[in-house]
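K.L.:
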Amino acid sequence: MRTSAEVVAVLLFDEHELLDVAGPVQALTMAGRKWNFRPFKIVPVAPRAGLVETRSQLRIEATKELEDVRAPEMILVPGGYGARKAATDERVVSWLRSAGAQATTVLAVGNGVLLLAKAGLVDGGDVAAGADLAELVLEASPTTRVDGEARWRAWEKVRTAATPLGAIEAALDIVEKRLGKKQAAELARHLGVPWVERAATDVAIIEGG
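The sequence shown begins at 53 in this note's numbering and counts up one residue at a time.
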């Protein structure tokens, strides 16, 4: 088991969905607690450091600017209305393109999947996205295959979730890969969310319920 923490860059922008951040971050930061071990180091990043508005009347502080975190090992991209606006910001897309190419894992939720498409990170791959987002994703990345039924999907190093619950399940998948099935299952029980073991192939699908 790796003993040093992986840096998880949480990409923030105004009007992102709070639960898209809080759900997977909760899963990742709870992992390893019983051993007093922190396997993931959360680093909130944004175009400008400081407080960033969510859609839930709360603000989250970005402690780093994009250029301060050039090579995180993992990236979390939330959704929300603001993700569509961020997808038109070349500075954000350029950072995600570069950082995402180097990262070992990228997780996007809801409209955050559009940012991955804009950055070219899901070309030729499978993503989970609602019907209202599918057209925009395909415009940005015509070779992407959009699954409108799954809560989340895994393709190579990319995890995409159509819902906040799917994002938590995708985070559990990441925990399973890093810390093992037993830890992921225990964490799922503690969080009170369903857990289905990864498929034997690299593409895991959990159907919407």
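Even for Gly, the Cβ is constructed at its ideal location relative to N, Cα and C.
Please read all numbers here as calculations on a predicted model, not as lab measurements.
(1) For the 8 Å Cβ check, are there 3 or more pairs between the segment 238-247 and the segment 92-100?
(2) Excluding the 5 residues preceding and the 5 following Arg-211 in the sequence, name in chain order all residues of the same chain whose CB lies nearer than 6 Å to its CB.
(3) Suppose the cutoff is 6 Å on Cβ atoms and the five residues either side in sequence are ignored; what does the same chain contact list for Gly-164 look like?
(4) Can we say the segment 100-110 touches the segment 135-145, given the rule of at least three CB pairs closer than 8 Å?
(5) Classify Leu-185 as buried or exposed, calling it buried when 16 or more other Cβ atoms lie within 10 Å of its own Cβ.
(6) List the endpoints of the continuous beta strand (DSSP E) containing Pro-44.
(7) Go ahead and pull the three-state DSSP assignment for Pro-120.
(8) Just mark Lys-233 as buried or exposed, buried being the case when its beta carbon has 16 or more other beta carbons within 10 Å.
(9) Keeping to the same chain, check which residues put their C-beta closer than 8 Å to that of Leu-44; ignore five residues upstream and five downstream.
(10) Taking just the CA atoms, how far does Pro-99 sit from Val-62?
(11) Which residue wins for smallest C-alpha separation from Trp-204, given the options Ala-192, Glu-191, Gly-218 and Lys-86?
(12) I'd like to confirm the pairing. Which residues does DSSP put opposite Thr-156 in its beta bridges?
P.N.:
Let me spell this out:
(1) Contact fails: fewer than three Cβ-Cβ distances are below 8 Å.
(2) Residue mapping note: residue 211 aligns to position 159 of the sequence shown, counting from 1. Excluding sequence positions up to five before and after Arg-211, its CB lies within less than 6 Å of the CB of Leu-159 and Ala-222, all in the same chain and listed in chain order.
(3) Stepping through the sequence shown from its first residue, residue 164 is reached at position 112. Setting aside the 5 residues that flank it on each side, Gly-164 is surrounded in the same chain by Val-129, Pro-130, Gly-131 and Ala-135, each with a C-beta closer than 6 Å to its C-beta; the list follows chain order.
(4) Below 8 Å, too few C-beta pairs join the segment 100-110 and the segment 135-145 to call them touching: fewer than three.
(5) Within the sequence shown, numbered from 1, the residue matching residue 185 stands at position 133. Here Leu-185 is buried, its C-beta having at least 16 other C-beta atoms within 10 Å.
(6) Residue coverage of the chain in this structure runs from 53 to 261, which leaves residue 44 outside it and unanswerable.
(7) Stepping through the sequence shown from its first residue, residue 120 is reached at position 68. Per the sequence shown, the amino acid found at residue 120 is Asp instead of Pro. Per DSSP, reduced to three states, the secondary structure at Asp-120 is helical.
(8) Reading the sequence shown from its first residue, position 181 is the one you call residue 233. Around the beta carbon of Lys-233, a 10 Å sphere encloses fewer than 16 other beta carbons of the protein chains shown; the residue is thus reported as exposed.
(9) An answer regarding residue 44 cannot be provided, because it is not within the stretch 53 to 261 covered by the chain.
(10) Position 10 of the sequence shown, counted from the start, is the residue given in the question as residue 62. Position 47 of the sequence shown, counted from the start, is the residue given in the question as residue 99. For Val-62 and Pro-99, the distance between alpha carbons rounds to 12 Å.
(11) Within the sequence shown, numbered from 1, the residue matching residue 204 stands at position 152. Closest option to Trp-204, Cα to Cα, is Gly-218.
(12) Position 104 of the sequence shown holds residue 156. Thr-156 pairs with nothing; no bridge assigned.
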